[in-house]
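Presented below is the structure to which this report refers.
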Amino acid sequence: MDKERIRVPHGEIHVIKSRCKGCEFCVTYCPRDVLELSDEMNEKGYHPPRLVHPDQCVACGLCELLCPEFAIFVVTEDGGD
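For the sequence shown, position 42 matches number 41 in numbering that gives the first Met the number 0, and the numbering has no gaps at all.
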């Protein structure tokens with residue numbers, strides 16, 4: 000029996016907390032529920048996202064694309080953006 004293997008990429012999410020305005024787009028639209036809003040506040044008084052399931056990130060980049068403040072970015076496991 001032939002089996003086809005599909006490699007799923009893994010991403011590392013970086014949050015620039017000082018830029019975040021707590022819009023929740025990254026949290027709401029993450030297809031793998033990797034993020035949630037943290038209890039801590041940044042210097043602007045907003046709750047930035049925090050990673051709750053970082054191992055589930057598939058580097059789709061949706062969080063990065065949706066962030067209006069450019070406060071989040073994804074680095075793939077091979078080191079590229």
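Heads up, the beta-carbon is just placed ideally off N, CA and C, and yes, glycines get one too. The structure presented is a predicted model; accordingly, all values stated were derived computationally and were not measured.
In this structure, how does DSSP classify residue i when only helix, strand and coil are distinguished?
| i | result |
| --- | --- |
| residue 49 | strand |
| residue 24 | helix |
| residue 35 | strand |
| residue 11 | strand |
Between residue i and residue j, how many whole angstroms is the CB-CB distance? I'm expecting something under 8 Å.
| i | j | result |
| --- | --- | --- |
| residue 12 | residue 66 | Rounded, the Cβ-Cβ distance is 11 Å, inconsistent with contact. |
| residue 35 | residue 14 | That belief does not hold up - the Cβ atoms of residue 35 and residue 14 are roughly 12 Å apart, past 8 Å. |
| residue 33 | residue 53 | 6 Å |
Based on the DSSP output, what are the partners of residue i in its beta bridges?
| i | result |
| --- | --- |
| residue 71 | 14 |
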